[in-house]
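First the structure, in the form of structure tokens, and then the observations on it.
Set out below in structure tokens:
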């Protein structure tokens, strides 16, 4: 396909000719043919809506498999609960690991369009293989896989096909997820005020699309799969993913693209090696002798520069100019620097930027521990409450629908009410910054854990501690869980949407997809930390006469204390986050509007972005 060759030079020069009325984007984006993108013919919400629908359909397909995978492993594959839970954890962790692979290929070599297309195709093939294998030989004898009838044993080949299928799903979804968020943001020119505001709104709608897709999977598909209609659920997921891919490809002529910047690992290593070589060289306190290419140096490959910042001064030595830094190539042309001896200021600032992002990212992991409780302890807590209304049984896992509805409501409240009000009161900077919103998300998460702990405290008061089957053993209604789900949803709008905006805006141009991948790895590590925390709590809280805070029979434990512990840890994390946010130094991009003097020092006007 032509768009897989986005950046091939247009030798006939047609890309250099444009009509006077065609206004180009100001961020350096190009169209499908590698020509400068025309604002009126590419990007904006025409492309953005396609990507949002694509995200919703792909999320529906992914959670159509993931939401009940543990039940499929126990009922169909014949695994015990512990093995099934362990395999689901490994599979989920692998999804997020593959997100780093997708981000690396996107930023370094393939570009975001090709990465999205390739990994979505793998995703569809994995779902199709899972659907076929389930229909042909996994769901045997017929009618098996529900709560009453287990499926028969499977051969080594059949088991291998199943695992190959679900890990293809993991590879496809993991590689696609961080890239599609960044690719969607690429469709809006941040140098245009109107499009710049739309770019900020896009992340909110992107997260909303993700939640709406998972809502259908958690309710409709989850119900059919729980009833044993696995093949139908998987085929619906396959059709949804295939439709998502078709819609994505339909938007090809409309998309805006950015050139991949090459392997970031080599750029990082060059800075470290160069700085180490010059560790004994004295620096100019004003940092005026640092190297940067001029605006006309196309070989630099960067559309924008990053302004020099204070801090990490040792790394600045990589950009100090010495006579030995310049070598001659085979054509005897002077002033071609060796990047392992002399690095540009922008290259040094890339390393500084990642080092500054890491403490902020680490502070978000504990929030993800709180977030993951919805899929585990909240469900177990709900199962021990009265979950019947007028004879109808409410599945405890379906209470997460209140979280999704809360996300939708608070996105609207924030965008239409809160943000405009704050923007009128606070003009410099205008409205809440991303770091402030993430801090608010931590505070709301503390409130959510306090609410969950309070509900559990009262649930224990009305619980039968000597029950054998403790489902519904407390007379307290499951609807008392609604506040904790609503608060978690509100915190997501501030934390996860703020994260997407922050990491996308602050990541260097050559690492935008990596910034989005940081959000996914935060959730992954949150799962692992949550598991570790539960293990440690059970080890220290269990006594001879006490089964621990989170025993099999929750009525004999103290789940409320665990929730209050999470609230205290999140509150402590909030204060650490405040220190990291205060220390954080925002990067500033500049764009060169005139050519330099050819000696590595730009003399043109620099426009701040």
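Numbering (our numbering), first residue to last: -14 to 594.
Virtual Cβ for every residue (Gly too), placed ideally from N, Cα, C.
These figures come from a predicted structure and were not determined experimentally.
Per-residue burial, residue 167 [other beta carbons within 10 Å of its own, 16 or more giving buried]: buried
Residue 87: which of 107, 73, 69 and 76 sits nearest, CA to CA? 107
Helix, strand or coil for residue 305? Go by DSSP, reduced to three states. strand
Residue 340: buried (16+ other C-beta within 10 angstroms of its C-beta) or exposed? exposed
Figure out for me which residue from 473, 366, 224 and 333 has the closest Cα to the Cα of residue 459. 366
Can you tell me the Cα-Cα spacing of residue 128 and residue 207, whole angstroms? 17 Å
Let me know the secondary structure DSSP gives residue 14 once reduced to three states. coil
N- and C-terminal bounds of the alpha helix (DSSP H) containing residue 151: 141 to 171
Within 8 Å of any Cβ in chain C, is that where the Cβ of residue 494 sits? No chain C is present in this structure, which holds just one protein chain.
Residue 165, buried or exposed, once every other Cβ within 10 Å from all chains shown has been counted against 16: buried
So residue 173 and residue 29 are supposed to be a Cβ contact under 8 Å. How far apart are they, rounded? 7 Å
Counting Cβ pairs closer than 8 Å, one from the segment 39 to 57 and one from the segment 195 to 209, do we hit at least three? yes
Give a yes or no on whether the C-beta atoms belonging to residue 302 and residue 266 are separated by under 8 Å. yes
Is residue 20 helix, strand or coil by DSSP? coil
Same chain, Cβ closer than 6 Å to residue 91, neighbours up to 5 away in sequence not counted: 97, 100, 164 and 498
Just confirm the distance between the C-beta atoms of residue 60 and residue 130, as a whole number of angstroms; I'd bet it's less than 8 Å. 5 Å
Mapping DSSP to helix, strand and coil, what is residue 291? strand
Are there 16 or more other CB atoms within 10 angstroms of the CB of residue 212, so buried, or fewer, so exposed? exposed
For residue 377, which residues does DSSP report across the bridge? 374
Ends of the alpha helix (DSSP H) at residue 535? Element bounds for residue 535: n/a, residue is neither H nor E.
I'd like to confirm the pairing. Which residues does DSSP put opposite residue 227 in its beta bridges? Its beta-bridge partners do not exist; DSSP assigns none.
Does the segment 501 to 519 touch the segment 342 to 361, meaning 3 or more C-beta pairs lie closer than 8 Å? yes
Quick one: what's residue 459 bridged to in DSSP? 448
Return the Cβ separation of residue 336 and residue 253 in integer angstroms, given the expectation that the two are a contact with Cβ distance under 8 Å. 6 Å
Cβ-based burial, residue 148 [other Cβ within 10 Å; buried from 16]: exposed
Any idea which residues DSSP pairs residue 242 with across the strands? 15
For residue 496 and residue 249, believed in contact at Cβ under 8 Å, the rounded distance: 6 Å
Helix, strand or coil for residue 85? Go by DSSP, reduced to three states. helix
Buried or exposed by the 16-neighbour rule on C-beta atoms within 10 Å, applied to residue 377: exposed
Under 7 Å from any heavy atom of the ligand MG, does the C-beta of residue 64 make it? Among the components of this structure there are no ligands whatsoever, and the ligand MG is therefore not found.
Can you give the Cα-Cα distance for residue 17 and residue 134, rounded to whole angstroms? 53 Å
First through last residue of the alpha helix (DSSP H) which encompasses residue 267: Neither: residue 267 is in no alpha helix (DSSP H) and is coded neither H nor E.
With which residues is residue 9 paired in a DSSP beta bridge? 23
Would residue 517 be called buried (16 or more neighbouring beta carbons within 10 Å of its own) or exposed? exposed
Reduced DSSP secondary structure (H/G/I, E/B, other) of residue 351: helix
For residue 242 versus residue 492, is the C-beta spacing smaller than 8 Å? no
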